[in-house]
Each structure stands twice: as C-alpha cells, then as structure tokens.
Amino acid sequence: MSSFSRGSPLLRRLLSCLSAVLFLCIISAHAAAAGNDTLLWGPYRPNLYFGVRPRLPNSLMTGLLWANTETFATAQTNFRHTCEQNEGMAGYGWEEYDARNGGRQTIHDTGNKIDLTIDFVKIPGGQNGGSWAARIKGTPREDAHANLVTALVFYAGMEGLGQLAFEDDDIDTKQKVTLHGSTTDLGDFDIVFTDPVENRMPYKTHPSWDEKPLDSPLTCSLQLPPDAIWQAKNVVFASMKQDIDKFLQEYGQENMPPPWAAFAISQDSGPGNFHMVQKIFVGEFEFDVLFNSASGPSISTDTLTKAIAESSTSFRAKFDNIFKPLTPFTKPAYTSFAESMFSNLFGGIGYFYGDSLVDRSYAPEYDEDNEGFWEETAEARARAEVVKDPARELFTSVPSRPFFPRGFLWDEGFHLVPIAEWDLEITMEIVKSWFNLMDEDGWIAREQILGPEARSKVPPEFQVQYPHYANPPTLFLIIDVLMDKLSDPKYSAQKSRIDSELRSLYPLLKRQYYWFRRTQFGDIKSYDREAFSTKEAYRWRGRTPQHILTSGLDDYPRPQPPHPGELHTDLISWVGLMSKTLLRLSTILSETDDSGDFRTQSTAILRNIDDLHWSAEHKTYCDATIDDYEDSVHVCHKGYISLFPFMTGLMPATHPNLPHILNLIRAEDELWSPYGIRSLSKSDEFYGTDENYWRSPIWMNMNYLILKNLLAVAQAPDAPAKVKTQATKIYTELRTNLVKNVFDQWEATGFAWEQYNPETGAGQRTQHFTGWTSLVVVIMRMPDLSGEVGIKHGEL
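Throughout the sequence shown, residue numbering follows mature numbering (1 follows the signal peptide of the UniProt record, and there is no 0), covering -33 to -1, 1 to 763 in sequence.
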C-alpha cells in the first residue's frame, strides 16, 4: 500500500493516464458537437499573419505566405508567414473583428512595399460549422513603383484522416482553382480560389515561361508527415528550390528567369495531404478564397462582397453599444483606436492541440524547504526525466501574436475582461477550456506550449512545465464577472446558462484553490511569527535569487538571499481573492457547508495580510523573510507588490491603511508618472537595474487593477470624505494618462506594447502586445468622474 500513497509517482502516473483517457472521450464528444458550432471556424492560428482552421484536433489547416519577388534578395528573405518582431512592418492587425462573423485585417508591409487588406467572413448554417471566405487585396505602398511584383501562396493541409485534392477541371482555368475535401467532422467541402480579370499578371520575358506560364495560378500537391504541415514555409521553399536548381542547370547563373518566375512552386497536382496555390500579381490585386461546406450555405464572390459590408456594419453598431469611449476620449480617432485594440485581442484567439513537456519526477527538492534550495532544485531539474503529457486542446486568446502565440494562465484572466462584455458565451468556452487542462491535483500549467509548432517559438529552457509551480489565478476575476451577470437584467436570457456553467466549474475552482493552499503554503509556526491565523501564509515555489517567474513579476526585487521562510504579499493576496470569490459563489450555489470554510479562511487571510505583511515603519505592505538571527523581518520594495492587497480588492474603503496606499500611488518620487503607475518606486535601490522588466516599466494589467479599485473606493457609499476625494482625483488623472499614452504610442508606432517607459512613455519590449494592453478599451469605457473633483478637460 505504501507505493500508492498520495504523493506516490506511480499513483500519479496512473491517475494521469486515467485523466488522459477521460479527456480523449471529452475530445470525441466535443468534435461531434462542433458541427453545429458557430465558433467552429476562425483565424485560430494567431501565430500566422493569416491562417484559418477549425476547433478540431488533427484537421484542416490553412495559411498564407507572400513576398515582393522583384529581386532575388527580397524573394529569398521577405517571404511572410509567421508573425515576427522587427520584420519591416508599419503595423498590422485586425481593424474590426467579431468571432461570430469575421472582420478585417490590414498589414502594412514596408519591407515588401505592399499593404494587404484581408476581409474574413463566416456564414453559419448546415451540419458542419458553416462556410467561410477571405478576400485578399494588395495595394503597393507609396515608395513602390506601379509594376511591383508580389507572389502569394495559399496552402491547405490535412493533419488527420480525410480527403483533399485539386479538381482537375479547374486547374487550367486562369481565374479559378478548386480543392475538394472531405472529413468525418467537416463533411464534404470545396475551397475555391478566384480572382477578377482586372488583376495584372506577369508577361513572358524568359524561355522558362513555356514550361511554367505565370499568367494563371500555380498548384502543387505533396504528401507530408502530419506533424510537418505547420512548417509550411520550409515546404514552400523546398518546392521552389526544385525548380530553381533545374533553372540553374538549364540556363546558368547569368541567364536565370526573373525572380518572380524562379521563386515559384513546382507544378504537381497529384495526390497528397498538403496543397499549395500560388498567384503572382503586378501592381494592385485582389483574390478570394471561398470555403463552401456541402451541408451549409454556399458563398460566392458576389455574396462575399455583401457579407463583408454586413459584417462591418454589425461590428461597428455592436462596438458603439458596448465600448464607445467616454469623455474625454470622444474624438473619432479614439474610437478607431479602441476598435483596433479590441479587435486585435479578439482576433488573437487561437485553437491549440498537442502534447506538452512536463517534469513529473516530484523530487523532494521541489518543496524548497532547505536554505540554498534553489541550487538543490536546479540539480533536481537537471536529472529529471521529462515526459510528454498526452495531447490536449486549448481555446484561448494570446498575449502577442509574434512573440507569445500560446496560452498564458495569468494573462488570460485579464484578456477575458473585455471579451466578457462582448460575448459571454465565448468567455465561458475559453474558461472551460482552461479548466479542462487541470490535473487530478488541481494544477494547471502556467504556460501552455502544446505541440511542436508552439514549442518552436519557445527557448528549450522554458518549455518544461512543473506541477508544483503556480501562477496568478486571474481566471477567478472572470468568475466574479460571471456572478455579476447573474443579477444583471441585460443577461436574463443567459442566466440559466451562466448558472449551469458556474455549477460545473465550481468543483474545479475548489480543487485549484486547495491546490494553492497545499502547495504554496508559507511557514508561520517555525519562526514564532505573530498572526491571527497560524495557517494563512503563502510562498511562491520556483524561486531563484534573480527571479520568481511563477509570480508573473519575474525580476521584481525580493528578499535576498532566498529563504524557505519567506512570505509573499502578492501570493497571499491572490489566495485571498480566490477565497473571497469562492465564498460568494458557494453562497449563490447554496453550498452551505463550503461557505463556512471559505468565510473562515477569507477572514483569516485578510487579518494575516495586515499581521504578516504591513510595515508600520514603511507604511506599506512588504514581503517577509528570516534574518540571520532567525527573526521574521519585512523586506520592503515599494511598487506593485505593495499594492496587491488593494489591487485584488481586499481593502475596503474604510480600511485604516488605505490612505497610505493612495499616497504611495500618487507620490511622484515613488510610483506616479505622467504615463501610468510604475512597477517599482523611483526611490528603490533596484529601480531600473539589471533586466529592468518589472523594475520601473508601466504595465497595463496592474494599472487596470489599480484603476478598477480606485473607482470602487470613489463610488463606495461608506468611504470617508477625504479618502473618497483622493481616490476620485487619482482615478481621473490616471485614467487619462494611461489611455492618452497608449494611444499616442499606437499612433506613433502602429503597435500596442508589452510595457511603457515611465520616463518617456515609449512603448517597449514586445511589439504587437494586444493581450492585456487591450484593457485600455475597458478603461476608456469607465465612467468619467472629472466633474466630481473639479477637473476640467476637453477632448483629447
């Protein structure tokens, strides 16, 4: 029996296998139900500039590549496929997007001297998720000449079982090519490629034209290993290289065909599971990709034009109703900005399926109980046998399409704040998808790197996930939002659905909460700490002298050296938020036995935050550690950590420490800047040092939480007058500063950014960071309280 103890690796592996079997059953049921899902299709490959796939594992995958092929240099180096930083873009992304209908994406490709506009629409109906279409337009940029030559390759690959092949009758038609396909989940379908006669094609300038005329589409079919289909760019280049080598042999280096003829796929339209269609245009161009489901409505070039117009009208009307910016952001430019920010967040939703790398050694060193534990854990990781967990699926938005095109647990709660206002059903689909990843203990990997395509974007040292590592449980923020909707008359028609989803999620939320309590506990008793409760203290595992990556605040200064007796302010605050949310939910669901436990725990956490983390000397909340005399001491680095009890909503308007927190936020020599609240105080010795990731920059997710709770205090009926006035004034100024700076940087660079410089406001680090930076859309919709504190401002 001892080999099957709770911590036994053997038992864990058996439970993991059972979980995998049950999950496969869920996948099968999901796939069967997906046929009627209006969310089946979408640009769910956010790592690509444009790629459409269904929410089904091992199914159809499509994508687009393009390049300026006027010279051999641009043709070789400028083929676009995956979103990349620093790739010669003056901005790109969705101007309008609704996951139900589609939207419009623009790509300003300075390197290729072309602007692309991609209209994507979905037409629901039938038994297999409906039909969809894309219209791809190219407009040469101002610095391009009129005869700019652009090559585009659209591909479709079948990862699993099914049929996909070109229809012979259409291959020789200059304006039309058809792929016919069939799978169990998608039924029969056609992918039709059409373009108008107005498009200009290259003309004959070389004898190679007789072998490969370029005034009609080129097609090629290949048989690939299923796990190679995502490597489409390499496949396209390999196809092109065949003919380049042949041309070199036939014509020699001095008499090669022009670049647009040389960089053309090999023509072979036989059987295969990977199919390419290449079009080569001169100057402006336009072509359509029409996916017609045999069981759904048919879409043509004419109906696509109408559908594009209807989709745009629908989006703008809905956006105006939900997210129209309020004073002082009333100029039309702010509305366009807000539409783009939200659309890029919403259009960044992806579907991922694949295995993941996990260290399930459960080494005792991972408890981090000894001094010098970070060296022991490094040795344990080095000798651990990493395993591949069974393939899982995840439906999620992503922080950044070029740099972080995968799921991040602590980002997703923030992503869903605006999405929940737009489409509650999609929000619940995403939340369920995340909680379906939970293991039998209650652990969800903080970073979801599912399959080889996702791993290709992650350095090897960050690919392995550890079942003892936590991450901020921000999905609990959305559980609160769902509970708010239960009592909102606007959601009366969805009340039954929301209630049902909350009931199904409840045991999973409990499991994750108790996993946090069990694995991230902190030590009170061993160090004679005085606190209301001897149980409520917490410490992040995964600590090194330089980082606590698990906290999300990677390089934020912490006690040095690390000590097993540390207690972390941010973590006890997150656990406090979880207990508060579960107390509310258990009460709504009449889980009375649980409610008593959550009430007791929540009360104890609130008391212990003050007992363990409030520094009367520094008048702020601080981490705690053990000094050389074995005494518990505070280590105070004023910044986001100091604000966590406030940011997580655990400080009521009447809290005696709140005035000190408000003073810290507004102090210009501490956290206040004209562009937002700094991550670390200007007075701190570590301000702006080393990596400077969380040591000065402004982060939108933290500023959103600050702003949200300032508003709560400003509107609290029991707030003391002085506190209410101060909170209102800070809220009004901060809201204006945040929005104006993100807007200014978006206008100047074409992008939203991961963080903002506190001295200049400049966007920095990750480009096209349309994850939680998109919270600016919600901030613009927050109420204007300027009149209550006598602040006067006009339109910005």
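Ideal Cβ placement from N, Cα and C applies to all residues, glycine included.
None of the values given here were measured: they were computed from a predicted structure.
task: List the residues that DSSP assigns as beta-bridge partners of A591.
output: Partner(s): L534 and H601.
message: Suppose contacts are defined by Cβ-Cβ distances below 7 Å. Is T49 in contact with G315 by that definition?
response: No.
- prompt: T44 and P226: beta carbons closer than 7 Å?
  reply: The answer is no: Cβ separation not under 7 Å.
- request: Assuming residue 770 contacts H382 (C-beta within less than 8 Å), just tell me the rounded distance between them.
  value: Since the first residue shown for the chain is -33 and the last is 763, residue 770 is missing from the structure and cannot be characterised.
- prompt: Nearest-angstrom Cα distance between P180 and S233?
  reply: The C-alpha of P180 lies about 12 Å from the C-alpha of S233.
message: Rounded to the nearest angstrom, what separates L488 and E338 at their Cα positions?
response: Here the sequence assigns Phe to residue 488, which means Leu is not the residue at that position. Spanning the two alpha carbons is a distance of roughly 17 Å.
task: Starting from the C-beta of P434, find all residues in its chain whose C-beta is less than 6 Å away, skip the five residues before and the five after it, and write them out in chain order.
output: W410.
task: Compute the distance between the beta-carbons of P295 and W377, then report whether it is under 7 Å.
output: Against a cut-off of 7 Å, the Cβ pair of W377 and P295 comes out as no contact.
- prompt: Do P524 and F653 come within 7 Å of each other at the CB atom, strictly closer than that value?
  reply: Cβ distance < 7 Å, so F653 and P524 count as in contact.
message: In the DSSP assignment, the beta strand (DSSP E) including L185 goes from what residue to what residue?
response: Per DSSP, L185 belongs to the beta strand (DSSP E) from L185 to L189.
field: Contact set for G754: own chain, Cβ-Cβ below 8 Å, skip 5 residues either direction
entry: There are no such residues.
field: Option nearest N79 by Cα separation, candidates F87, A40 and S98
entry: The shortest Cα separation from N79 among F87, A40 and S98 belongs to A40.
message: Quick check on the burial criterion: 16 or more other C-beta atoms within 10 angstroms. Buried or exposed for S557?
response: Exposed, by the Cβ-count rule.
field: Cβ contact check for the region 692 to 711 and the region 629 to 643: 3 or more pairs under 8 Å
entry: As far as the Cβ criterion goes, the region 692 to 711 touches the region 629 to 643, which means the pair count is three or higher.
Reference L32, options R20, L23, L15 and R22, closest by Cα: Relative to the Cα of L32, the nearest Cα in the group R20, L23, L15 and R22 belongs to L15.
message: Once the 5 residues before and after L674 are set aside, which same chain residues still bring their CB inside 8 Å of it?
response: Around L674: Y698, L701, R702, L705, I746 and M749.
query: Should L449 go down as buried or exposed, given a rule of 16 or more other Cβ atoms within 10 Å for buried?
result: L449 comes out buried.
Residue range of the unbroken alpha helix (DSSP H) whose run includes E346: Counting along the chain, the alpha helix (DSSP H) containing E346 begins and ends at F340 to R350.
- prompt: When you compare each of L324, P163, T692 and P264 to R359 by their alpha carbons, which one comes out closest?
  reply: Of the listed residues, the one whose Cα sits closest to R359 is L324.
- prompt: Which value, in whole angstroms, describes the spacing of the CA atoms of W197 and G380?
  reply: In a straight line, the C-alpha of W197 is about 28 Å away from that of G380.
Alpha carbon of L520 to alpha carbon of M614, nearest angstrom: Their Cα atoms are separated by approximately 14 Å.
message: Could you check whether G219 and G92 sit closer than 7 Å to each other, using their CB atoms as the reference points?
response: Taking 7 Å as the Cβ cut-off, G92 and G219 do not qualify as a contacting pair.
task: For T363, name the three-state secondary structure that DSSP assigns.
output: It is a strand residue.
field: Three-state secondary structure (DSSP) of Q130
entry: Three-state DSSP puts Q130 in a strand.
message: Quick test of your reading: T517 and R413, contact by CB under 8 Å. State the CB separation rounded to the nearest angstrom.
response: Yes, they are in contact, since the Cβ atoms of T517 and R413 sit about 7 Å apart, within 8 Å.
- request: Answer with buried or exposed for N288, where buried requires no fewer than 16 other C-beta atoms within 10 angstroms of its C-beta.
  value: Taking a 10 Å sphere around the C-beta of N288, we find fewer than 16 other C-beta atoms and assign the residue as exposed.
- request: Evaluate H112 with the Cβ neighbour count: other Cβ atoms within 10 Å of its Cβ, from every protein chain shown; 16 or more gives buried, anything less gives exposed.
  value: So H112 ends up on the exposed side.
message: Measuring only the C-alpha atoms, how far is P163 from G317?
response: Distance between the alpha carbons of P163 and G317: 32 Å.
message: Checking the sheet assignment: what are the DSSP bridge partners for G509?
response: Beta-bridge pairing links G509 to no other residue.
message: So the candidates are P224, A195 and A229; which of them puts its Cα closest to the Cα of K208?
response: For the residues P224, A195 and A229, the minimum Cα distance to K208 belongs to A229.
message: Across the region 718 to 735 and the region 656 to 667, are there enough close Cβ pairs to call them in contact, namely three or more that are closer than 8 Å?
response: The way I'd put it, the region 718 to 735 does touch the region 656 to 667; three or more beta-carbon pairs between them come closer than 8 Å.
field: CB contact flag (T36, A118, <7 Å)
entry: Contact: yes.
- prompt: Apart from the five residues on each side of it in sequence, which residues of its chain come closer than 7 Å, Cβ to Cβ, to Q693?
  reply: Taken in chain order, the residues that qualify are L629.
message: Whole angstroms are fine: how far does the CA of V88 sit from the CA of F309?
response: Rounded to whole angstroms, F309 to V88 spans 18 Å at the Cα level.
- request: Have a look at P174, V256, F133 and G239 and flag the residue whose alpha-carbon is nearest the alpha-carbon of T161.
  value: Residue V256 holds the alpha-carbon nearest to the alpha-carbon of T161 among P174, V256, F133 and G239.
task: Just confirm the distance between the C-beta atoms of I576 and P612, as a whole number of angstroms; I'd bet it's less than 8 Å.
output: That pair is a contact at about 5 Å.
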